[in-house]
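As you go down the protein sequences, you meet chains A and B in turn.
Each residue of the first sequence is one higher than the last, beginning at 224 in our numbering.
Each residue of the second sequence is one higher than the last, beginning at 224 in our numbering.
Cβ atoms here follow ideal geometry from the backbone N, Cα and C, with glycine treated the same way.
Just so it is clear, the structure is predicted and the values come from calculations on it, not from any experiment.
Protein chains: 2
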Amino acid sequence: MSKVNLKTLAAELGVSVSTVSKALQNSYEISEETKQRVVTLAKQRNFRPNVYASSLRRQQTRTIAVIVPEIANNFFAFAINGIEEIAQENDYHVLIYLTHDSYEKEVSICEHLQSGRIDGVLMSVSTETNDYEHIAKLMDKGILLVFFDRVRHEIETAKVTTDDFVSGLNATEHLIEQGAKRIAYLSLSSKLSIDNKRKAGYMEALLKHNIEFDPNLVVACGNQQHEAYQRIKELLTSPNRTDAVFASVEKLATETYMVCQELGLKIPNDLKVICFSNTTIASLLNPSLSTVVQPAFEIGKQAANILFQHLERKNISILNENIILKSVLVARESTGC
Amino acid sequence: MSKVNLKTLAAELGVSVSTVSKALQNSYEISEETKQRVVTLAKQRNFRPNVYASSLRRQQTRTIAVIVPEIANNFFAFAINGIEEIAQENDYHVLIYLTHDSYEKEVSICEHLQSGRIDGVLMSVSTETNDYEHIAKLMDKGILLVFFDRVRHEIETAKVTTDDFVSGLNATEHLIEQGAKRIAYLSLSSKLSIDNKRKAGYMEALLKHNIEFDPNLVVACGNQQHEAYQRIKELLTSPNRTDAVFASVEKLATETYMVCQELGLKIPNDLKVICFSNTTIASLLNPSLSTVVQPAFEIGKQAANILFQHLERKNISILNENIILKSVLVARESTGC
DNA sequence: AATATTTACGAAAACATTTTCGTAAATATT
DNA sequence: AATATTTACGAAAATGTTTTCGTAAATATT
């Protein structure tokens with residue numbers, strides 16, 4: 224395991240360090256014969272240029288960070304999948320950071336990333352994030368950023384999301400068409416732009432169908448599982464009970480299923496349920512779950528593509544732009560289909 | 224966005240670069256007064272030491288790689304969750320690489336990682352991996368490695384897995400106790416040690432209960448979803464049909480559910496199903512799914528802990544050791560409970 | 001007062017690359 | 001034959017840290 228670097232290779236070949244470096248980069252300055260000798264020895268010694276030295280000199284790391292709230296979540300897992308695929312294609316490396324929906328953690332991660340470790344960031348903000356100074360600081364250091372899904376509109380850069388408003392409208396309208404009269408909206412956090420857009424779509428659908436909006440039917444469930452369970456239970460045990468639920472995220476729908484199990488409510492007869500979800504087994508649930516499926520994989524790919532394009536073109540800041548990919552509604556038994 | 228580094232700070236303060244560096248590291252060589260001045264300016268200028276320069280000099284990166292077959296998989300998602308948690312605690316950074324169960328990709332990733340980018344690796348090998356030279360090469364470069372879940376026993380290092388044999392035995396025995404007579408084993412790949420152990424447990428259970436082992440009931444399903452579907456369909460349509468299925472991974476169980484839907488077979492009456500799985504919604508399936516739940520989060524944490532401990536103690540190679548965390552069997556309707 | 005020790009800092013090497021620039025020799029051009 | 005150009009390489013600077021070692025001044029010890 225004797226160390227091998229440009230210096231040792233050069234010494235062994237009786238040429239200079241720069242010659243070895245250039246030969247390995249297939250530079251026109253080096254004769255074919257020398258290149259051969261260098262490449263052969265490098266291969267034999269299993270030489271790999273030290274990326275930290277080379278990044279330092281080149282002033283680029285070919286590394287990006289992905290900051291997401293969680294990973295045990297089908298949407299984020301698929302999105303990361305897409306990101307990683309594009310990263311491998313472009314020979315970039317992907318650092319992963321989980322905020323667990325904590326604002327403090329998100330800030331701390333952004334602090335850490337100001338140390339030249341990365342060229343760019345793909346980010347989905349936490350539900351608790353209410354400002355954006357930590358993100359602005361990051362960009363001040365010349366780090367490119369692209370948001371996906373959970374964005375902050377105050378930051379001027381590219382944002383890849385799904386058509387949350389329209390999908391929210393469609394999901395709600397679907398419930399109405401299936402006969403629902405009192406539809407509840409289960410919210411994750413009013414700080415999240417996507418949540419607000421889905422809710423806006425929900426309200427638009429009510430308006431369109433002349434259903435009066437009842438603020439009591441908008442339930443802030445939060446991140447904590449047990450808290451969400453409680454809120455939903457309260458909702459489903461309150462007088463003049465709701466007959467349908469539109470959950471802004473999958474977790475809130477599955478919690479609804481659990482609550483119904485406990486209360487003995489039958490889906491879809493007693494309660495219709497639809498939600499944003501990327502689970503692959505929606506059709507196997509009891510009853511099968513109607514979902515709004517986000518193109519998670521595509522969202523990840525697009526976000527990564529935009530970032531890498533700009534990274535290759537150097538120093539060009541990313542224009543403020545909303546890329547919107549369509550979700551698709553899949554109706555199943557939970558809404559009476 | 225004028226650049227700020229030790230040099231510019233030193234110039235502005237009228238001291239040397241080394242003084243600034245030492246002051247920021249709170250070295251005893253620097254007076255309190257100077258430290259104050261340095262720290263204040265550094266804060267004001269929002270200075271972060273360049274990690275590539277510092278890694279180069281220190282010869283450690285505080286970065287690890289996690290290599291897994293896929294991420295849209297509850298087991299790996301939870302494991303990565305555990306890894307990331309421990310990494311953040313220890314101030315390490317986590318690079319993620321997906322092999323998509325391709326041997327070529329796994330090799331290529333290992334090649335890339337020989338460039339001094341990382342100090343250590345946590346790895347779950349792909350189902351197609353049949354040798355281990357690429358892994359040995361990595362270790363030759365002085366990179367520490369810990370396996371989790373999908374291990375290669377030929378490599379001498381720590382391996383964190385679950386009690387696959389015993390759990391396989393328990394799962395099979397559970398099926399037998401529930402009245403199953405002809406139990407099939409759905410295998411992912413005979414190249415995987417965990418798969419073989421689960422299968423060995425299955426065979427042991429048959430032996431114990433005097434059930435003759437029928438090789439036709441061991442179905443190699445592979446990674447491809449449609450192929451798995453086909454194999455399972457063949458199994459369930461063949462004469463003298465099996466009455467129970469033990470799936471080595473979740474995906475094969477959900478495929479089984481799909482096949483049963485198509486064939487109109489009723490679980491658990493026509494077919495009992497149990498599988499290794501980490502899905503959080505097993506209880507919501509139709510029918511609810513009996514699972515062997517691996518402590519995925521803990522496995523990730525343990526593997527990361529072992530790696531970091533050795534990284535801190537420098538150069539100490541990791542002893543060959545099998546750490547086995549117990550899985551727990553949760554019986555539900557799919558096995559008639 | 002002479003010597004020893006401590007304090008507080010700076011110069012420079014080291015980490016492993018990449019890249020600019022200089023140049024000797026070989027070849028081409030007039 | 002004299003000059004211009006090309007070829008093939010090397011020296012050295014640069015990237016931004018960390019760390020070793022040297023040392024002048026201040027303080028302590030005899």
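9 Å Cβ cutoff, residue i in contact with chain B
{"i": "S471 of chain A", "result": "no"}
{"i": "M346 of chain A", "result": "no"}
{"i": "Q337 of chain A", "result": "yes"}
{"i": "H533 of chain A", "result": "no"}
{"i": "V240 of chain A", "result": "no"}
{"i": "P491 of chain A", "result": "no"}
{"i": "E485 of chain A", "result": "no"}
{"i": "V468 of chain A", "result": "no"}
{"i": "R271 of chain A", "result": "yes"}
{"i": "Y326 of chain A", "result": "no"}
{"i": "T477 of chain A", "result": "yes"}
{"i": "D363 of chain A", "result": "yes"}
{"i": "F303 of chain A", "result": "Before going further, note that residue 303 of chain A is Ile rather than Phe in the sequence given. Interface residue, yes."}
Cα-Cα separation between residue i and residue j, rounded to whole angstroms
{"i": "C444 of chain B", "j": "K489 of chain B", "result": "22 Å"}
{"i": "S561 of chain A", "j": "Q283 of chain A", "result": "Past the boundaries of the shown model lies residue 561 of chain A; chain A is included only from 224 to 560, so the question cannot be answered."}
{"i": "A381 of chain B", "j": "F299 of chain A", "result": "30 Å"}
{"i": "H323 of chain B", "j": "A554 of chain A", "result": "30 Å"}
{"i": "T503 of chain B", "j": "S241 of chain B", "result": "54 Å"}
{"i": "N419 of chain A", "j": "T384 of chain A", "result": "13 Å"}
{"i": "N501 of chain A", "j": "E544 of chain A", "result": "25 Å"}
{"i": "R405 of chain B", "j": "S416 of chain B", "result": "24 Å"}
{"i": "M481 of chain A", "j": "L429 of chain A", "result": "27 Å"}
{"i": "V516 of chain B", "j": "L236 of chain B", "result": "59 Å"}
{"i": "V289 of chain A", "j": "T352 of chain B", "result": "28 Å"}
{"i": "E327 of chain A", "j": "E334 of chain A", "result": "11 Å"}
{"i": "E556 of chain B", "j": "T479 of chain A", "result": "20 Å"}
9 Å Cβ cutoff met for residue i and residue j
{"i": "A394 of chain A", "j": "L552 of chain A", "result": "yes"}
{"i": "I358 of chain A", "j": "I399 of chain A", "result": "no"}
{"i": "I306 of chain B", "j": "L345 of chain B", "result": "yes"}
{"i": "K338 of chain B", "j": "N273 of chain A", "result": "What sits at residue 338 of chain B in the sequence shown is Ser, not Lys. A contact, by the Cβ cut-off of 9 Å."}
{"i": "A451 of chain A", "j": "K474 of chain A", "result": "yes"}
{"i": "G391 of chain A", "j": "P491 of chain A", "result": "no"}
{"i": "D493 of chain A", "j": "D466 of chain A", "result": "yes"}
{"i": "G523 of chain A", "j": "N304 of chain A", "result": "yes"}
{"i": "P292 of chain A", "j": "R373 of chain A", "result": "yes"}
{"i": "L409 of chain B", "j": "I455 of chain B", "result": "yes"}
{"i": "I294 of chain B", "j": "V317 of chain B", "result": "no"}
{"i": "Y315 of chain B", "j": "R285 of chain B", "result": "yes"}
{"i": "R536 of chain B", "j": "S471 of chain B", "result": "no"}
{"i": "G343 of chain A", "j": "F520 of chain A", "result": "no"}
Near the ligand ADP: residue i beta-carbon under 8 Å from a heavy atom
{"i": "E377 of chain A", "result": "The ligand ADP is absent from the structure shown, which contains no ligand whatsoever."}
Cβ-based burial, residue i [other Cβ within 10 Å; buried from 16]
{"i": "T263 of chain A", "result": "exposed"}
{"i": "L440 of chain A", "result": "buried"}
{"i": "H397 of chain B", "result": "buried"}
{"i": "H533 of chain A", "result": "buried"}
{"i": "K431 of chain A", "result": "exposed"}
{"i": "T460 of chain B", "result": "exposed"}
{"i": "S511 of chain B", "result": "buried"}
Residue i, enclosing beta strand (DSSP E) - first and last residue
{"i": "L321 of chain B", "result": "H316 to L321"}
{"i": "A403 of chain B", "result": "Unbroken run through A403 of chain B: none, as it is neither H nor E."}
{"i": "E544 of chain A", "result": "E544 to L548"}
{"i": "L345 of chain B", "result": "G343 to M346"}
Beta carbon proximity, residue i to chain A, threshold 9 Å
{"i": "A300 of chain B", "result": "yes"}
{"i": "I319 of chain B", "result": "yes"}
{"i": "C426 of chain B", "result": "It should be pointed out that residue 426 of chain B corresponds to Met in this sequence rather than to Cys. Closer than 9 Å: no."}
{"i": "H316 of chain B", "result": "yes"}
{"i": "K266 of chain B", "result": "no"}
Run of the alpha helix (DSSP H) containing residue i, from where it starts to where it stops
{"i": "A295 of chain B", "result": "Here A295 of chain B belongs to no alpha helix (DSSP H), and DSSP marks it neither H nor E."}
{"i": "N528 of chain A", "result": "A519 to E535"}
{"i": "L247 of chain B", "result": "V240 to L247"}
{"i": "K420 of chain B", "result": "S416 to K431"}
{"i": "C333 of chain B", "result": "Y326 to H335"}
{"i": "V561 of chain B", "result": "Absent from the structure is residue 561 of chain B, since the part of chain B shown begins at 224 and ends at 560."}
{"i": "S277 of chain B", "result": "V274 to R281"}
{"i": "K456 of chain B", "result": "Q448 to T460"}
{"i": "K364 of chain A", "result": "Premise fails: K364 of chain A is in no alpha helix (DSSP H) and is neither H nor E."}
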